[in-house]
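All residue numbers for the sequence shown refer to the UniProt record's numbering, where the first residue is 1 and numbers rise by one. Using N, Cα and C, we set each Cβ at its ideal position, and we do this for glycine too. Let me begin by presenting the structure, written as structure tokens, before commenting on it.
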Amino acid sequence: MSDTPTHPKDKRSTTPASHGKDGLLRKETIQPRVQKAPFLQRLPFLVEARTKLPLIGGLLLTCSPSIYLYSLETSPDDHHQRTDLNVLVWTYILTGTVGIAVAMLVQSLLAYLLAFICFNGHTNATTYLAEMMENEHDDIKNEAHRRRRLEMSRRPGYWVFMLLFSFVAAGLVEEVVKYIATTTMLGLLAQRSPSSHGGRIGSARDHITVAVSAGLGFATVENIVFFSAAARRRKPVGGAAPAAPNESQKAAMLALMTAVERVLLGIPGHAMTAALIGVNMLVRGHQQHHLGHGHDFSGASKMMSSAWLVVRDSVLFHGCSNFVLFAVSAAEGNVGWVHPRRARTACFVLAVLVGLQAVLALVLRARLCRCGLC
């Protein structure tokens, strides 16, 4: 046996030693390095944040006009005769739920009927309607699919369909829903607080506030539907590969365009067309009141009291706005509404629609001045 003593194996320290100024060995403590998540792992969260931020902002701005109307009608500093708050709230809720559901059902039926007529049969009608649901560039499968859509968008029957759909299925249906809601709630308001002015329904202010409440209820729910669709569209599927940087930029841009178009155009457009309906109802009431004393103006009275004359201007503005969207999209070779690919095209669409809304605002102001409300 060896007399050499055995020593246990020394554990090697992972802490490196260094020499100090006095020559002695000193141990240095090394802080463990923080492992950063790889960029590709963090990218889906960055994409989600960039996509949802415009949608959240758009949702907040969508609700702002409704909050303002509510605060205006509950403000103690307002010296005007306020509209019954319960009537306004129920107008808002019913138009945004029952009204929009009925409008969507009628629009679906009208869309199929118009497509059946314009495209000569069930097969072509369903083909076009299916392509209209492919409403983004990513839905286009390949170059052959793109060429087929381009050919479909160039057919005269499609332009006739766009025209009828814009003015009838979209404009007429949605404005009639607002008109029915406004008429119904004004009648309820008259029963709760009968007017002493010759049996006329409500005050001049009631016509405007109830109509605007109907328009805001419709537009708010419609915007929420659009925002939800945009959020679901860009939501990453479990197990899918992370999006590329250019895809994240596309997702953020789509969310931003959706928020801008719905807030800048959707809310003011629905509110002003609804207010125009309320003003036209007020003008019709005044004309019926003056024409009905001592003279037989049954023909003129019937014409003035028709619902078409009340909703006509709103339908025209609404239909023109929708047709501009479809026409520009078709000019780029798309079926249905697809966001423009080029910045100048998007700016052109925005400028035209803002111009239409400016004209609508001027017409509305002129009608309000005729009624002594400006």
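The beta-carbon distance between Val87 and Val210, rounded to whole angstroms, is 7 Å. This is short enough to meet the 8 Å contact definition.
The region 264 to 271 makes contact with the region 207 to 227: 3 or more CB pairs, one atom from each, lie closer than 8 Å. With a cutoff of 9 Å on beta-carbon distance, Val283 and Arg367 are scored as near each other.
Secondary structure at Asp84: coil, using DSSP grouped into helix, strand and coil.
Shown here, His339 sits in coil according to DSSP, grouped into three states, outside any helix or strand.
Short of 6 Å from the beta carbon of Ala346, and not among the five residues preceding or following it, lie these beta carbons of its own chain, in chain order: Pro340. With respect to Ala214, Thr83 sits apart: the two C-beta atoms are not nearer than 9 Å. With a 10 Å radius around the Cβ and a threshold of 16 neighbouring Cβ atoms, Thr95 comes out buried. Within the same chain, and ignoring the five residues on either side of Val176 in sequence, the residues whose Cβ sits closer than 7 Å to its Cβ are Val311.
When secondary structure is reduced to three states using DSSP, Ser203 falls in the coil class, being assigned neither helix nor strand. For Thr182, the uninterrupted alpha helix (DSSP H) run begins and ends at 173 to 192, by DSSP.
In this model, Val160 and Leu353 are separated by some 21 Å (Cα to Cα). In the three-state reduction of the DSSP assignment, Phe326 falls in the helix class. In the three-state DSSP reduction, Asn124 falls in the helix class (H, G or I). Closest in alpha carbon position to Leu186, among Ile208, Gly58, Gly57, Gly99, is Ile208.
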